[in-house]
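Enquirer: Numbering (the UniProt record's numbering), first residue to last: 1 to 140.
1. Given a threshold of 16 other Cβ atoms within 10 Å of its Cβ, counted over all protein chains shown, does residue 37 qualify as buried or as exposed?
2. Smallest Cα separation from residue 126: which of 18, 74, 62?
3. Helix, strand or coil: which one does DSSP assign to residue 74?
4. So does the region 59–73 actually touch the region 98–109, counting three or more Cβ pairs closer than 8 Å?
5. Excluding sequence positions up to five away, which residues of its chain have a Cβ less than 7 Å from the Cβ of residue 90?
6. To the nearest angstrom, how far is the alpha carbon of residue 116 from that of residue 139?
7. How would you label residue 33, buried or exposed, when you count the other beta carbons within 10 angstroms and need 16 or more for buried?
8. Looking at the structure shown, is residue 127 part of a helix, part of a strand, or coil, going by DSSP?
9. Going by DSSP in three states, residue 122 sits in which element: helix, strand or coil?
10. Buried or exposed: where does residue 93 fall if 16 or more other Cβ atoms within 10 Å of its Cβ makes it buried?
11. Note down the Cα distance separating residue 3 from residue 11, rounded to an integer number of angstroms.
What follows is the structure, encoded as structure tokens:
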């Protein structure tokens, strides 16, 4: 039997926390049932028969610390279900981003530091890369 490494312990803890978080997020409450969406929100899908309304992040295209970062609605393919249909690119290479249940964003480069927007996730990735090239996220 393999020894329990720190990586395995953290993986198990993260899995348990995720399951607990999903049960909390998907549990219906009186306040969410009466919430009315505004014009600045959109439906990002449904889970357990409930529509979730989240604000759509603004598209961006800028140069940050010499790297071109872009973000906008995803045009299909890839991992849209994690990023809520939003794609982020660093120098033309997709940066895999995910929206957390609390509305914050993380990326594969800065996974442990949630940020408020996909733009902030792209900037955090550029900071973390320190000039290194972003490699494409494996899809298969």
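Glycine residues also receive a C-beta, built at the ideal position from the N, C-alpha and C atoms.
Expert: This is what the structure gives:
1. Annotation note: pLDDT 41 at residue 37 (below 50); position unreliable, no value reported.
2. The shortest Cα separation from residue 126 among 18, 74, 62 belongs to 62.
3. It is coil, neither helix nor strand.
4. Contact fails: fewer than three Cβ-Cβ distances are below 8 Å.
5. Once the five neighbours on either side are set aside, the close Cβ partners of residue 90 are 67, 69, 122, 125, 126, 134.
6. Rounded to whole angstroms, the gap between the alpha carbons of residue 116 and residue 139 is 26 Å.
7. In this predicted model, residue 33 has a pLDDT of only 44, less than 50, meaning its place in the structure is not dependable enough to derive any value.
8. Here residue 127 sits in helix by DSSP.
9. In the structure shown, residue 122 sits in a helix (DSSP, three-state: H, G or I).
10. A residue is called buried once 16 or more other Cβ atoms fall within 10 Å of its Cβ, and residue 93, having fewer, is exposed.
11. Taking the straight line joining both Cα atoms gives about 14 Å.
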